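J.:
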Amino acid sequence: MTATVNTAPQRGPLAEKALAAGNRVGIKLIPHLPGGLKRLLSGGRAITIDGNTLDPSVQMMLAAQRATGVNGLSVADDVAATRQQLRETARTVDEPGVHAAEIRNLSIPGPAGQIPVRHYRPAGAGPAPLLVFYHGGGWVIGDLDTHDHLCRLICRDAAAHVLSVDYRLAPEHKAPAAVDDAYAAYLWAREHAVELGADPGRVAVGGDSAGGNLAALVTLRARDAGAPSPALQWLIYPATDLRGLARSRTLFGDGFLLTKHDMDWFQDSYLESSGVDDADPRVSPLLAGDLSGLSPALVVTAGFDPLRDEGDQYAAKLQAAGVTVDHRRMGSVIHGFAQLNALGGDVARANAEMISAFRAHLARA
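When we follow the numbering used here, the leftmost residue of the sequence shown carries the number 275, and every step to the right adds one.
#1: Could you pull out every residue in the same chain whose Cβ sits closer than 8 Å to the Cβ of residue 475, ignoring the five residues on either side in sequence?
#2: With a 10 Å radius around its C-beta and 16 neighbouring C-beta atoms as the bar for buried, classify residue 634 as buried or exposed.
#3: Going by C-alpha to C-alpha distance, which of 523, 527, 404 and 568 sits closest to residue 392?
#4: Please return the same chain residues whose Cβ sits closer than 7 Å to the Cβ of residue 605, not counting the five positions on each side in sequence.
#5: Given this structure, state the Cα-to-Cα distance separating residue 296 from residue 305, to the nearest angstrom.
#6: In the DSSP output, which residue or residues are listed as bridge partners for residue 627?
#7: Measure from the alpha carbon of residue 379 to the alpha carbon of each residue in 373, 390, 369 and 386, then state which is nearest.
#8: By how many angstroms is the C-alpha of residue 471 removed from the C-alpha of residue 376?
#9: Cutting at 7 Å between CB atoms, please list the residues of its own chain near residue 553, excluding the five before and the five after it.
#10: Below 8 Å between beta carbons: does that hold for residue 598 and residue 559?
#11: Buried or exposed for residue 584, going by 16 or more other Cβ atoms inside 10 Å?
#12: Suppose you measure from the CA of residue 257 to the CA of residue 385; what does that come to, to the nearest Å?
#13: According to the Cβ coordinates, are residue 489 and residue 507 closer than 8 Å?
#14: Quickly, what does DSSP pair residue 391 with across the bridge? List them, please.
#15: In angstroms with no decimal places, state the Cα-to-Cα distance between residue 427 and residue 417.
#16: Grab the span of the alpha helix (DSSP H) containing residue 586 for me, first residue to last.
#17: Using a Cβ distance threshold of 8 Å, determine whether the stretch 448-464 contacts the stretch 359-375, with at least three qualifying pairs required.
#18: How would you write the range of the beta strand (DSSP E) that residue 607 sits in, first residue to last?
#19: Is residue 560 near the ligand GTP - that is, is its Cβ less than 7 Å away from at least one heavy atom of it?
#20: Any idea which residues DSSP pairs residue 326 with across the strands?
#21: Leaving out the 5 sequence neighbours to the left and right, which residues in its chain are closer than 7 Å to residue 468 when beta-carbon positions are compared?
#22: If you run the structure through DSSP and keep just helix, strand and coil, what is residue 508?
#23: State buried or exposed for residue 331, treating a residue as buried only when at least 16 other CB atoms are found within 10 Å of its CB.
#24: Classify residue 316 as buried or exposed, calling it buried when 16 or more other Cβ atoms lie within 10 Å of its own Cβ.
#25: Quick one: residues in its chain with C-beta nearer than 8 Å to the C-beta of residue 563, no 5 flanking neighbours on either side, listed in chain order?
#26: Would you report the Cα separation of residue 487 and residue 631, rounded to the nearest angstrom?
#27: Exposed or buried, residue 551, counting other C-beta atoms within 10 Å across all chains shown (16 or more means buried)?
#28: If you follow the beta strand (DSSP E) that residue 481 is in, where does it begin and where does it stop?
#29: If you draw a straight line from the C-alpha of residue 443 to the C-alpha of residue 310, how long is it?
#30: Does DSSP put residue 621 in a helix, in a strand, or in coil?
#31: Just to confirm before moving on: does the CB-CB distance between residue 421 and residue 435 stay below 8 Å?
#32: Whole angstroms is fine: what's the gap from residue 535's alpha carbon to residue 346's?
#33: Below 8 Å on the Cβ atoms is my guess for residue 715 versus residue 581; work out the distance and round it to an integer in Å.
#34: Quick one: Cα of residue 626 to Cα of residue 511, how far?
#35: Can you tell me where the beta strand (DSSP E) holding residue 572 begins and where it ends?
#36: Which whole-angstrom value is the C-beta distance of residue 398 and residue 354, which I expect to be below 8 Å?
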């Protein structure tokens with residue numbers, strides 16, 4: 275195992291200045307640099323852990339962040355500042371050329387008032403599948419805008435409707451408020467699929483990180499309530515065990531975008547004074563006693579992600595319970611890669627692979 279990012283070789287002052295400038299310009303510059311230059315600016319050597327080698331573009335992006343003093347998602351544990359930083363980052367990595375045929379902001383009834391949602395309609399005639407999408411952000415940050423690009427990409431490349439859900443966030447709304455909103459949005463989507471132009475028999479749930487956690491929990495709740503099951507649960511680097519015991523949480527807990535401090539802060543904000551602890555299956559689907567009879571799962575994990583191991587474990591536990599599982603391991607990328615398509619390279623290939631897999635699963639549903 276070679277050194278992790280935070281212990282990479284020292285760079286000279288010119289390299290540090292170049293990286294800082296690159297971070298200010300944005301990650302869209304990185305794909306256009308030669309691979310050798312990316313490695314040189316990032317410390318001069320590849321990073322290989324557990325047999326996975328970090329993509330050079332990702333390595334340079336992380337090095338550029340460190341050169342400007344950025345390590346992790348939290349901004350001094352300030353909720354408003356951290357939410358704003360994610361919005362600004364999303365604008366930086368947006369690809370304006372990715373379009374849906376139509377995008378509409380709607381409001382749907384939820385358990386504690388109206389839930390804002392955004393509907394993306396694909397091009398083409400005839401009813402298409404519908405993905406009810408839950409954004410990531412540790413149940414604390416993220417919104418319809420931070421994941422707008424990803425939803426447009428899915429809509430276009432999977433030829434699917436997407437209903438993105440702006441569920442209630444912590445610390446203003448503790449667990450299980452996010453799960454309650456997510457489930458209500460799923461039931462609404464099933465009931466209103468036809469009026470959205472979608473196929474009511476092909477309504478899936480999915481999300482990234484905390485959103486993947488919500489998608490898994492919605493699938494469990496639908497089964498337990500006797501409601502119609504989603505056609506597919508698409509879990510993109512999901513949080514499945516909030517106890518944080520998995521080895522990868524420590525192995526990649528610093529220097530790989532999502533840090534241990536971020537995870538602790540997110541989970542404290544979400545669970546503290548909620549009456550729900552981290553071992554409760556209502557927030558930790560890996561700890562559910564029975565996973566049988568659940569919807570088919572497309573589980574995507576990243577090789578350099580603190581949540582890697584618990585995603586792997588959930589895929590294995592689903593499969594052991596008799597659930598049909600398609601587990602895609604994207605070895606060379608980090609947590610959050612779904613929103614970093616502009617980096618190109620292995621990130622864009624990973625996104626293309628998982629969206630293609632999603633499309634294929636819904637074509638068979």
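Even for Gly, the Cβ is constructed at its ideal location relative to N, Cα and C.
In this text, all values refer to a predicted model and were calculated from it rather than measured experimentally.
T.: Result, derived from the coordinates:
#1: Only 505 and 639 meet the Cβ criterion.
#2: exposed
#3: Closest by alpha carbon: 404.
#4: 326 and 577
#5: Note that residue 296 scores 48 on pLDDT, short of 50, meaning its location in the model is unreliable and no value can be drawn from it.
#6: DSSP, once it has assigned bridges, lists no residue as partnering residue 627.
#7: 390
#8: 12 Å
#9: 517 and 561
#10: Cβ distance not < 8 Å, so residue 598 and residue 559 don't count as in contact.
#11: buried
#12: There is no way to answer for residue 257, as the model of the chain reaches only from 275 to 639.
#13: In contact: residue 489 and residue 507 (Cβ atoms closer than 8 Å).
#14: 380 and 439
#15: 16 Å
#16: 582-594
#17: No, the stretch 448-464 does not touch the stretch 359-375.
#18: First-last of the beta strand (DSSP E) with residue 607: 599-608.
#19: The ligand GTP is not part of the structure shown, which contains no ligands of any sort.
#20: 323
#21: 474
#22: Here residue 508 sits in strand by DSSP.
#23: buried
#24: buried
#25: Only 555 meet the Cβ criterion.
#26: 19 Å
#27: Counting the other CB atoms within 10 Å of its CB gives residue 551 a total below 16, which places it among the exposed residues.
#28: Annotation: the continuous beta strand (DSSP E) that includes residue 481 extends over 472-482.
#29: The straight-line gap from Cα to Cα measures roughly 42 Å.
#30: helix
#31: At the C-beta level, residue 421 and residue 435 stay beyond 8 Å of one another.
#32: 8 Å
#33: The shown model of the chain, from 275 to 639, leaves out residue 715, and the question about it has no answer.
#34: 15 Å
#35: 571-578
#36: About 40 Å separates the two Cβ atoms, so there is no contact after all.
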